[in-house]
Structure formats: C-alpha cells, structure tokens
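Trainee: One structure is given below, represented as structure tokens, and several questions about it will come after.
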Amino acid sequence: MANLDSLAVDRAQAVESLAASGSLSPVLPSTGSETSLVQVVDSSNTVVSATSNIDGQEPILSVPPTDPVRTFLSVDHLSAGDGPFRILADSFQYNGRTGWVYVATSTDQVDDAVSSLAALFAVGLPIVLVVVTWALWRAVGQVIGPVDAIRRRAAVIGGEDLSQRVPVPTSADEIASLAVTMNEMLSRLEEAAIRQRQFVGDASHELRSPLAALRVQVDVALAHPEDPGSAHVLESVQLQIERMSTLIDDLLFLARRSEDAPLTNVGVVDLDDLVLGEVHRLRDRGGPDIVLQGLRAARVTGSARDLQRLLRNLGDNALQHATSDVTIRLRTDHDTAEITVMDDGAGIKPEDRLRVFERFTRLDDARSRQTHGGGAGVGLSIAAQIVRDHHGTIAAMARPDGHEGAVFLVMLPLAPQNRTQNGLTSFSGGR
C-alpha cells in the first residue's frame, strides 16, 4: 500500500507542475501505462482536467477535503469503475485559488497479491515447517546420537573391567575429541589398575615365602624345645624377620610413590656425606672389598632420607652380586653430580638393562635372586623412582674396562648453591 501511495504522490506532483507552467489541458497526457484515474478540480470542485479513462465523469470526490492538506482515502467503489480504490487528494494553488488533484488507484491487484501470498503461506508454511523440523531433528540426532552412545558405553564400564572403550564418532569435531580423550583416560586407568593388581599379587607372593619359612622354623623349635639347634633357628627367624621388614618397608615406599605422593623434608643435601656413610655401612657388613675410588663435594636438592635409600639399594645390589669388590665413585660435571656403583659380578645382558628397573624383576641368568640369598626385585625399582623424583637419570651398563660386572650410573642436578671442592678424596683397598 505504501508503494501505491508513493506512486500517487508522484503522479499528483507531475500534474501540479503542468498547472503551474500553464500547460494544463482538459485531457491529461497519459504516462503510457496509465492505470490510475486522475482529475483536477478547481475551488468549486468542478473538473477542469482529467485523464482519458475518466474524461467527462463526475468528480471522484463529491466534496473535497475541508483541510487543504494531502489526504489519503480508501473507498469501495467509484462511479468511474468498480472498487476498491485508494484515493489521494492533494491541494495546490490554481488560478489564485485552492485546487485539488485527485488520483484514484485500484487496489484489486494489491488485494490479489496479498490473497495469493496468503494462500501460498497457508500451503507452503506447513511444508516449510515440516522440512525445517525434520532437518533440525536430523541435525540434533547427529549431535546427540554419538553423545548418547558414549554415555551408554561409559555407564557399563566399571572397575572390574576397564578394557572397554567408548565409541569414537567419525566426524572430526569436539565430540570425537572428547571420546578420544575419554579413551586415553580409560587406558591410563586400566594401566594403573593392572599395575595395582600386579603389585598386590607380587607383594603377596614375596611375603608368603618368608612367612612360610618362619612358620616351619618356629614349628620345629616348638617341637624340640630342648634341641641345642634352637638358637640357630632363632637366628634364622631373625634374618627372615629382617628380610620381611625390609620388604614391607620397600612395598610401602612403592605404594606411596604409586599415589604420586610428594617428596617430604626437601632441602639441600650433602651427597658426599651420604656416599661416605654408605661406604662405611657396606664395609661393616663384610664380604667383598668396598673401594671408594673418588669423592667430590656435591650438594643436591632433595630428600636426604630418599637419597640415602637410593645409595643403600644400589650398594646392597652391588654387594649381593659382587665376587671380590664393589667400587663407588662420586664426581661432578658442570651442573650434574654423577654417582657410579660398580661390581665384578655376572653383569647384566643388554636386553635386560632397562627391564632391571621394573618392579619385581628377576633376571633369568647368573645375576638372579638366588645369588647370595636373593632379594624381592624391588630395590632397583625404588632406586629408579627416587632418581626420577629428584629429576635425574639412572642407567645400567657394562664395565668400561671390559671385565665382567655391572655399572649403575646415577646423574642428579646439583643445587644452585653447590659448594665446589677442587681435589678428589680417594679411598681404596677394601675394609
């Protein structure tokens, strides 16, 4: 409707321009596609000019508007034609008086267009709604479907069976990334559960053997209380108890480290003092010669208790497998402290030099747990864990001189305030 009004105003202004220039004729010139009815009336509402399609007809409005302003009217019919019509009455000055230009435009086409559009909407809108609803349902289904599948699978995964994984959608979107992340988390949980079950099983096995031996020895002693060998039985029981105490202590340490327990009592540690103390401890135990080949002052940041355990485990391992001597050395290289523990035992095969640091590892060769009474297979695992806790490295290797035996090299970062010592304090020659 606004477009019709705008066209009517343009037509009225064109007629008013003709009147102002004195070119107004009784029959208004056609625009070539004239569909409107146009009349010019004077102040007495007498038709002075009109388009040919309304020439000779009565005024469109029997009474002009009372106010000389531009006015729009809507009527159902006119004498000049069937309605409805939209009428513009625009006042202008004609021969010194107020005249009017009437422009009447049929609204049949507009009404037909509105009716057609309404019919189109009446038929098409439900179809569009159905199509849009179906498209939304498909889109939401593509999003919710994978999420629901992940939810259903996650609901059945329990601690008893962590081998299952959630389905990963083929679409490379955030949901697929979420599924991949969940599967990675499940893999870590499964590995942790496997390690926990293995740890409990190995610990139970290691504790069962000394407990069984204790029971047999105690039963024998009770059955023969007057036997002179009872004292020997008590000594054996004491050794078994010491072994169990050490094993339980090691197992508790591994359990705490499995839970990512932080280091306690961290400070600056004089590593050379700990090495010297370990040398004296090993010499007091007797057996192979303990050679302190070099000792340089070195300070590291960490737990003195854990570092002492590290040296004890490496020393006990070397003493257990050595034939005649164990060599210990401490040196510094730039910002690193290097601890070397070397024995002259059977050595470690290249393929076992990484596996030897795993928990409850027992090598199937001459360097086995049966040598010198054996162990539980956790000492080197604890040593490796302590080194990792102190941001260092540990490695097993062959002797550099080509002789039979094993070398364990530990490298730890020096403390920033590390004191320097120019000389080497050397001890050698056994006990």
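Read left to right, the sequence shown gives residues 1 to 431 (the UniProt record's numbering).
C-beta atoms are modelled at their ideal positions from N, C-alpha and C, and glycine is treated no differently.
If I follow the unbroken alpha helix (DSSP H) through Gly277, where does it start and stop?
Mentor: The sequence position of residue 277 within the sequence shown is 277, counting from 1. Taken as a continuous stretch (DSSP letters only), the alpha helix (DSSP H) holding Gly277 covers Leu271 to Arg285.
Trainee: Please give the ranges of any alpha helix (DSSP H) in the region 290-331, keeping only runs that are unbroken, at least 4 residues long and fully inside the region.
Mentor: Listed in chain order, the complete alpha helix (DSSP H) runs (minimum 4 residues) inside the region 290-331 are 304-321.
Trainee: Verify whether the separation of the beta carbon atoms of Leu4 and Arg86 is less than 8 Å.
Mentor: Start at 1 with the first residue of the sequence shown, and residue 4 comes out as number 4. Start at 1 with the first residue of the sequence shown, and residue 86 comes out as number 86. The answer is yes: Cβ separation under 8 Å.
Trainee: Taking the alpha carbon of Ser62 as the reference point, which residue from Val40, Asn53 and Thr51 has its own alpha carbon closest?
Mentor: Indexing the sequence shown from 1 puts residue 62 at position 62. Comparing Cα-Cα distances from Ser62 to each of Val40, Asn53 and Thr51, the minimum goes to Val40.
Trainee: Going along the chain, which residues of its own chain have a beta-carbon closer than 6 Å to the beta-carbon of Glu404, five neighbours each way excluded?
Mentor: What you label residue 404 is simply residue 404 of the sequence shown in a count that begins at 1. Closer than 6 Å at Cβ, skipping near neighbours: Gly347.
Trainee: Considering Glu226, what are the terminal residues of the alpha helix (DSSP H) in which it resides?
Mentor: Reading the sequence shown from its first residue, position 226 is the one you call residue 226. Neither: Glu226 is in no alpha helix (DSSP H) and is coded neither H nor E.
Trainee: State the start and end residues of the unbroken beta strand (DSSP E) segment that holds Ile87.
Mentor: Position 87 of the sequence shown holds residue 87. Residues Phe85 to Tyr94.
Trainee: If you follow the alpha helix (DSSP H) that Ile382 is in, where does it begin and where does it stop?
Mentor: Indexing the sequence shown from 1 puts residue 382 at position 382. Gly379 to Asp389 is the span of the alpha helix (DSSP H), which, as asked, contains Ile382.
Trainee: Among Val101, Arg70, Phe92 and Ser21, which has the Cα closest to the Cα of Ile60?
Mentor: By 1-based counting over the sequence shown, the position of residue 60 is 60. Closest by alpha carbon: Val101.
Trainee: With DSSP run on the structure shown, which of helix, strand or coil describes Phe199?
Mentor: In the sequence shown, residue 199 corresponds to position 199, counting from 1. The answer is helix: DSSP assigns Phe199 an H, G or I state.
Trainee: Based on Cα-Cα distance, which residue from Leu222, Val378, Ala298 and Arg153 lies nearest to Leu207?
Mentor: Walking along the sequence shown from the start, residue 207 turns up at place 207. Nearest C-alpha to Leu207: Val378.
Trainee: Classify Asn95 as buried or exposed, calling it buried when 16 or more other Cβ atoms lie within 10 Å of its own Cβ.
Mentor: Here the question's residue 95 lines up with position 95 in the sequence shown. Asn95 should be labelled exposed.
Trainee: Touching or not, the region 305-325 and the region 274-292, by the rule of three or more beta carbon pairs under 8 Å?
Mentor: The region 305-325 vs the region 274-292: in contact.
Trainee: Taking the alpha carbon of Ala319 as the point to measure from, which residue in Ala104, Val48, Asp273 and Asp343 has its own alpha carbon closest?
Mentor: Numbered from 1 along the sequence shown, position 319 holds the residue referred to as residue 319. Correcting the residue type first, residue 319 is Leu in the shown sequence and not Ala. Comparing Cα-Cα distances from Leu319 to each of Ala104, Val48, Asp273 and Asp343, the minimum goes to Asp343.
Trainee: Please list the terminal residues of the continuous beta strand (DSSP E) segment that includes Val48.
Mentor: Working through the sequence shown from its first residue, we reach residue 48 at position 48. Residues Val47 to Ala50.
Trainee: Under a three-way DSSP split, which group does Glu190 fall into?
Mentor: Indexing the sequence shown from 1 puts residue 190 at position 190. Of the three classes helix, strand and coil, the one that applies to Glu190 here is helix, per DSSP.
Trainee: Helix, strand or coil: which one does DSSP assign to Ile157?
Mentor: Start at 1 with the first residue of the sequence shown, and residue 157 comes out as number 157. Ile157 falls in the coil class under three-state DSSP.
Trainee: With Phe357 and Ala384 assumed to form a contact (beta carbons below 8 Å), what rounded beta-carbon distance in angstroms separates them?
Mentor: Translated into positions along the sequence shown, residue 357 becomes position 357. Translated into positions along the sequence shown, residue 384 becomes position 384. Between Ala384 and Phe357 the Cβ distance is about 4 Å, and since that is below 8 Å, they are a contact.
Trainee: On the DSSP bridge list, what partners appear for Val103?
Mentor: Position 103 of the sequence shown, counting from 1, holds the residue named residue 103. Its beta-bridge partners are Val38 and Leu88.
Trainee: Glu160: buried (16+ other C-beta within 10 angstroms of its C-beta) or exposed?
Mentor: Working through the sequence shown from its first residue, we reach residue 160 at position 160. Answer is exposed; the Cβ neighbour count stays below 16.
Trainee: Going by alpha carbons, who is nearest to Val266 out of Asp250, Arg299 and Arg243?
Mentor: Within the sequence shown, residue 266 is the residue found at index 266, counting from 1. That would be Arg299, whose Cα lies nearest to the Cα of Val266.
Trainee: How should Ser115 be labelled, buried or exposed, when 16 other C-beta atoms within 10 angstroms of its C-beta is the threshold for buried?
Mentor: By 1-based counting over the sequence shown, the position of residue 115 is 115. By the 10 Å Cβ count, Ser115 comes out exposed.
Trainee: Any chance the region 142-153 sits against the region 164-175, with 3 or more Cβ pairs inside 8 Å?
Mentor: In short, these stretches touch, since the Cβ pair count reaches three.
Trainee: For Ile339 and Leu295, I'd like the C-alpha separation in whole angstroms.
Mentor: Indexing the sequence shown from 1 puts residue 339 at position 339. Indexing the sequence shown from 1 puts residue 295 at position 295. Whole-angstrom Cα-Cα distance: 9 Å.
Trainee: What number of angstroms, rounded off, separates the C-alpha of His390 from the C-alpha of Val269?
Mentor: What you label residue 390 is simply residue 390 of the sequence shown in a count that begins at 1. What you label residue 269 is simply residue 269 of the sequence shown in a count that begins at 1. Spanning the two alpha carbons is a distance of roughly 12 Å.
Trainee: So within the region 389-420, which uninterrupted beta strand (DSSP E) runs reach at least 3 residues, ignoring any that extend past its ends?
Mentor: The region 389-420 contains these whole beta strand (DSSP E) runs: 393-398 and 406-413.
Trainee: Give the DSSP bridge partners of Arg97, in chain order.
Mentor: The count along the sequence shown starts at 1 and reaches residue 97 at position 97. Bridge partners of Arg97: Tyr94.
Trainee: Between the beta-carbon of Leu189 and the beta-carbon of Leu211, is there less than 8 Å?
Mentor: Residue mapping note: residue 189 aligns to position 189 of the sequence shown, counting from 1. Residue mapping note: residue 211 aligns to position 211 of the sequence shown, counting from 1. It is not a contact, given that the beta carbons lie outside the stated cut-off.
Trainee: Quick check on the burial criterion: 16 or more other C-beta atoms within 10 angstroms. Buried or exposed for His321?
Mentor: Walking along the sequence shown from the start, residue 321 turns up at place 321. Buried, because 16 or more other Cβ atoms sit within 10 Å of the Cβ of His321.
Trainee: Starting from Leu73, follow its DSSP beta bridges and name the residues at the other end.
Mentor: Numbered from 1 along the sequence shown, position 73 holds the residue referred to as residue 73. Looking at the DSSP assignment, Leu73 forms a beta bridge with Ile87.
Trainee: On the DSSP bridge list, what partners appear for Thr340?
Mentor: The residue given as residue 340 occupies position 340 in the sequence shown. Paired residues: Arg329 and Leu409.
Trainee: From what residue to what residue does the alpha helix (DSSP H) around Gln164 run?
Mentor: Locating residue 164 in the sequence shown gives position 164, where the first residue counts as 1. Neither: Gln164 is in no alpha helix (DSSP H) and is coded neither H nor E.
Trainee: Between the Cα of Gln196 and those of His224, Ala255, Arg70 and Glu235, spot the shortest distance and give me the residue it belongs to.
Mentor: Mapped onto the sequence shown, residue 196 falls at position 196. The residue with the shortest Cα to Cα distance from Gln196 is Ala255.
Trainee: What's the C-alpha gap between residue 433 and Asp76?
Mentor: There is simply no residue 433 to check, as the chain begins at 1 and stops at 431 in what is shown.
Trainee: Just the C-alpha distance for Thr222 and Ile382, rounded to the nearest angstrom, thanks.
Mentor: Position 222 of the sequence shown holds residue 222. Position 382 of the sequence shown holds residue 382. The amino acid at residue 222 is misidentified as Thr; the sequence shows Leu. C-alpha separation (whole angstroms): 38 Å.
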